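Protein chains in written order, with the UniProt record's numbering: chain A, 1 to 504; chain B, 1 to 953. Where a beta carbon is used, it is the ideal one built from N, C-alpha and C, also for glycine. Note that the coordinates shown come from a computational prediction; the quantities given were computed from them, not determined experimentally.
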């Protein structure tokens with residue numbers, strides 16, 4: 001020991017040993033690299049949902065909430081859905097004090113009394129009397145999880161001959177529509193404010209020539225409970241094709257656009273298109289014959305070239321000579337795909353280097369034509385509900401399911417108006433394929449039913465739509481509706497109480 | 001012909017009396033009568049008087065009689081005064097028992113009296129009893145504040161420089177050796193019996209002056225005076241008070257009794273202000289007895305207006321008319337300010353505020369002007385600054401820091417990493433520290449972390465600008481650390497080049513650059529303080545009490561920012577206690593003071609911290625996963641690199657390790673090197689433990705333990721550095737080796753500086769951080785309402801509540817109650833999921849009026865908020881979104897106060913002041929007593945009494 005201390009190298013050796021030991025300790029205690037697993041959001045059922053059916057008069061209103069699944073454990077006893085005409089709080093107060101005075105009161109009476117719904121898994125339908133304006137469907141509690149409404153009008157003659165259906169839409173801050181312009185059809189914008197705060201709305205129109213600027217003022221303010229129609233010809237008379245963006249700078253708006261192409265040319269609602277994105281899937285194109293016209297809008301300030309791929313029954317590929325569409329900055333372009341995808345169930349996969357919005361016009365066959373519209377839609381990761389499906393003599397409802405990226409299995413369940421629903425059916429969609437299913441009405445009903453589609457766990461993104469086709473001697477009537485994600489589940493993100501959020 | 005009666009008053013003065021009596025009897029001008037008065041002496045003075053003068057000439061009075069009483073008594077018994085004759089008068093010569101006149105003193109006095117017939121009072125030049133060349137008095141004047149002024153330098157030698165024509169016109173002379181005309185004495189009623197001791201002479205002479213007589217100091221006459229009473233060479237029996245208090249009280253009384261009314265009013269004001277100031281200075285200098293005397297004297301004068309009125313009544317005659325003659329002899333008013341300045345300067349220099357000019361014993365503590373190579377140089381300030389290696393080093397480090405922090409110097413708010421954007425001022429921080437219920441976030445009743453108070457104090461120094469204080473502390477961390485390392489190691493490492501190297505290497509350690517990059521204010525402060533701890537610790541193990549208080553205070557500061565520091569210091573302190581406590585006296589107590597002070601000062605907060613031990617490993621500010629590396633490599637830790645942002649490559653410190661290893665080979669200084677390496681090994685071990693611990697999902701950052709380790713290593717490496725110079729002198733291979741070591745050593749700081757400048761200092765810390773509180777929300781929120789900030793990051797929604805403004809530093813360290821925060825968490829999750837429901841109502845109940853999503857806005861989150869019916873969008877752009885609740889939010893009532901909180905704050909402030917006083921430099925020598933050598937001849941030592949008010953130094 002003494003020699004160690006007195007040795008010139010003794011201390012050095014000691015220190016080196018100590019350092020070696022420290023190195024060993026540090027090395028040994030170093031934790032293994034763990035994969036950075038971000039915390040996953042948790043699914044939780046929706047607790048309240050509001051939807052607005054833009055113009056229910058003369059249509060059949062369908063409302064359904066899919067049955068509570070096995071995972072529905074926290075459904076509360078209370079709540080329910082209320083279907084009632086949208087009215088301003090002031091009018092409601094007026095109603096109470098001065099009943100049966102004037103025209104307005106008559107209109108109210110015509111609109112009908114609020115209907116309360118309590119049962120999930122059962123389709124509710126009612127034909128609304130003409131003159132009914134916007135109808136709000138509000139639900140809380142168990143009825144909220146997956147509440148879906150739609151309105152379908154069917155006229156066999158007149159300028160509005162055809163099937164016209166639309167979903168009842170949830171109010172939001174932003175809505176996109178792509179379709180023909182006021183020069184080609186009578187385009188009417190329906191806006192409604194179902195909230196307690198006023199909504200300040202701006203309407204932007206992207207025509208074939210670019211963004212339409214007008215001096216009439218494209219903004220309007222909706223009081224709580226107010227609904228209005230705007231003839232888009234007043235804002236932009238000339239476009240043949242257009243995209244409409246309805247956005248709010250305050251409050252929320254439920255917007256819908258109806259296109260009336262004229263006598264013998266058809267009528268339908270434009271579905272809400274997915275907001276601008278670099279990759280857009282336009283799903284739900286049925287396998288009927290007829291014209292297919294793609295609309296693409298590039299709202300940014302940059303020209304772009306959009307790659308078009310069709311996802312068909314036999315695979316996903318670019319169409320010959322129709323590989324790309326050029327879209328000038330801020331404008332809308334059409335592109336005829338009738339020879340490419342006509343007659344086959346399909347979805348379109350559009351990619352671009354800047355965000356785009358896309359939609360598609362489907363024209364039925366026959367002497368008197370009818371049109372239907374579909375548009376870019378998100379995938380239905382958490383399932384989707386289609387409220388109104390009809391299978392009757394000469395009327396068929398089809399689901400068009402596409403899995404453009406990887407294979408998927410979906411569970412399809414029919415929900416009749418009464419009686420026990422049949423067992424769900426599993427449908428496999430291979431990767432990069434589209435599959436069309438002809439729905440069969442559940443036995444015992446009147447052929448009206450709702451459909452609840454749920455991807456099985458492990459499936460890739462599934463896109464789709466539903467088409468109702470009615471073959472009449474005067475010509476095929478058609479309406480389509482791309483799948484919208486059901487409002488069954490909300491993803492509750494993990495949260496962290498962290499003062500660091502004040503830092504960028 | 002004059003007739004002179006000498007009156008010798010004795011009181012316990014046997015030590016001096018013999019010599020005094022001899023001197024009186026040996027006068028060249030013989031005295032007509034010598035009368036002795038014994039004021040109840042117990043040491044045989046009375047007997048001595050009787051032996052010398054004959055018992056018939058000695059008067060025995062009671063012990064409590066004063067000097068004035070004694071003279072009055074004698075004169076009462078003498079035959080009444082004769083009317084003044086031509087060429088002669090009746091004189092009375094007053095003598096103390098400790099005042100020996102020169103043989104020709106009386107002769108000279110009478111000579112002066114003959115030359116100046118209007119002179120009524122004459123006094124000799126007084127010199128020191130022991131060192132007979134030292135001048136004590138050539139007349140005394142007084143300032144309007146009652147401070148006695150002799151006009152002499154302390155310990156001034158008499159070389160005839162003040163002698164003039166043999167006599168001087170003065171305001172007053174001492175009663176020791178005072179020659180006064182009997183008729184004047186009677187006219188003025190002599191010495192005031194209200195003033196048994198001290199300033200009675202001044203009073204008498206003032207009255208004489210006011211009555212139109214002259215007072216002369218005859219420099220041709222000399223007397224040696226021991227000043228036994230004021231120097232407390234003997235106990236005073238005439239009064240129970242301490243002589244110092246008595247002196248001060250009488251001074252005030254004399255001034256106030258003799259000044260005309262208007263001047264009196266001014267004097268009262270200036271004395272109150274002046275006394276308060278002096279009291280504070282005495283307190284700060286740890287002379288509480290002096291402070292008490294000062295304030296008690298003033299109180300006793302002003303508190304007894306009756307006595308003052310009586311005294312003024314007696315002096316009414318001639319007071320106003322004669323004031324002009326007195327006023328020109330008073331100390332000019334400028335002198336008071338100068339003396340005050342001297343006092344403050346003296347205090348700063350460590351001498352203590354002993355205003356020597358006013359003391360009887362004019363002896364300033366001979367401050368030993370040792371150490372400080374900077375001070376010894378007598379060249380100009382500029383030259384000194386530009387040639388001092390320390391200043392040059394700091395300038396270089398400052399330049400390096402400014403170059404590296406170029407992007408952090410100007411612009412908007414400073415924030416990022418651990419630092420919340422710095423908003424608010426010192427007053428906001430003080431309020432945050434002192435309030436007992438914090439309204440921030442969900443509200444919190446916990447103790448505010450004490451570093452808020454420290455930061456508030458520093459901000460106050462920076463004129464209330466917190467941003468400036470934080471910028472200096474954080475961004476200036478490198479030069480500050482360099483400066484403190486350079487100055488703190490002065491005693492440890494006298495070799496300047498080694499000290500320069502040590503300071504530069506220390507300041508540029510990866511810990512420093514990491515602390516700056518991550519905005520770790522706590523580490524930055526501790527990093528700059530660490531060398532000071534080391535320096536003070538060396539003095540503590542030497543047993544210094546004052547260093548221990550200072551250490552305790554600084555450790556409190558460091559612990560408030562980084563609690564882990566206390567653990568490290570406590571472990572080392574324990575080891576030191578084991579090794580040194582037995583060796584040196586007082587080490588144990590000093591260590592206990594050093595380690596106990598932080599516990600006392602930080603008590604409730606520390607107790608709160610101990611209940612959640614994980615937080616001890618974290619430091620002040622925000623804790624973010626990205627700021628530390630839980631998988632820090634073993635080589636990083638051993639190379640003193642704590643991980644996280646702002647790290648240079650690990651090899652940068654290689655040179656330092658290599659040099660320190662080389663130091664192990666030297667045979668000399670092995671003890672210091674071994675201790676240094678011991679600290680290094682200890683620090684690295686703690687760093688490994690700390691670095692592997694995860695607290696609340698955040699890995700702790702081992703910066704402070706590694707700075708600790710580096711300090712040890714640097715001392716080990718730099719201490720034997722003088723050997724290199726020896727190597728160089730030897731030449732040959734050794735010279736080459738020395739050169740190599742120098743190159744390797746200096747490679748570390750140079751490479752660190754270069755890499756730091758090249759890479760820039762900004763990491764997560766940046767300038768121009770946006771104020772997290774949107775202006776619209778700040779305007780729109782009422783009192784008690786809040787804004788919820790949501791930020792989606794990798795799928796996790798982080799949130800915090802702001803109450804009307806951006807959070808202050810320290811507010812992030814206030815935990816809310818678990819109930820409230822889990823309720824808020826659930827509500828935020830519900831809101832961010834967009835599932836509807838009543839979550840928004842929960843938020844409303846918590847006062848949330850606005851919801852904001854700062855940049856970058858997650859589109860999913862903004863869509864969800866847009867779809868929430870209870871929210872109304874105010875704005876949304878790439879810079880962030882803001883939503884308002886449609887309904888007005890609940891305003892919560894403020895919580896009730898808590899008195900214990902306030903009590904503790906007062907207690908804490910008191911303890912802090914006491915510790916500050918104990919830690920601050922005090923008087924090196926309390927009184928002149930110690931230097932006063934005892935009478936060399938006849939008296940044995942041993943009668944010395946220890947001063948009651950001495951302060952242990």
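CB contact check: residue i to chain B, cutoff 9 Å
i             : result
residue 461/A : no
residue 166/A : no
residue 506/A : Residue 506/A falls outside the range modelled here, since chain A spans only 1 to 504, and no answer is possible.
residue 194/A : yes
residue 50/A  : yes
residue 133/A : no
Spatial neighbours of residue i in its chain, beta-carbon cut-off 8 Å, leaving aside the 5 residues before and after
i             : result
residue 919/B : 546, 549, 550, 552, 553
residue 193/A : 171, 199, 222, 223, 224, 225, 226, 227, 251, 252, 253, 254
Contact set for residue i: own chain, Cβ-Cβ below 7 Å, skip 5 residues either direction
i             : result
residue 447/B : 604, 605, 608
residue 315/B : 207, 257, 258
residue 389/B : 496, 500
residue 270/B : 144, 145
residue 186/B : 81
Cβ of residue i within 9 Å of any chain A Cβ
i             : result
residue 870/B : yes
residue 886/B : yes
residue 928/B : For residue 928/B, the pLDDT reaches just 35, beneath the cut-off of 50, and the residue's location in the model is therefore unreliable, leaving the point undetermined.
residue 446/B : no
residue 796/B : yes
residue 819/B : no
residue 766/B : yes
residue 975/B : This structure gives no information on residue 975/B, because the portion of chain B shown stretches from 1 to 953.
Heavy atom of the ligand NAD within 8 Å of residue i beta-carbon
i             : result
residue 619/B : The ligand NAD is absent from the structure shown, which contains no ligands of any kind.
DSSP-derived helix/strand/coil call for residue i
i             : result
residue 405/A : coil
residue 438/B : strand
residue 217/B : strand
residue 269/A : strand
residue 471/A : strand
residue 456/A : coil
residue 489/A : strand
residue 857/B : coil
residue 341/A : helix
Chain-ordered chain B contacts of residue i [CB-CB under 9 Å]
i             : result
residue 352/A : Near residue 352/A there are no residues of chain B at all, since even the closest Cβ is about 18 Å away, more than 9 Å.
6 Å CB neighbourhood of residue i in its chain, flanking five on each side removed
i             : result
residue 792/B : 858, 861
residue 786/B : 801, 803, 847, 848
residue 96/B  : 176
Partner residues on chain D for residue i, Cβ-Cβ distance less than 9 Å
i             : result
residue 427/B : This model lacks chain D altogether; the protein chains it does include are A and B.
request  = Tell me the start and end of each unbroken alpha helix (DSSP H) in the segment 631-709 of chain B that is at least 4 residues and wholly inside, in chain order.
outcome  = 634-638, 654-663, 670-691
message = Restricting to runs no shorter than 4 residues, where is the alpha helix (DSSP H) found entirely within the segment 385-447 of chain A?
response = Counting whole runs of 4 or more residues, the segment 385-447 of chain A contains no alpha helix (DSSP H) stretch at all.
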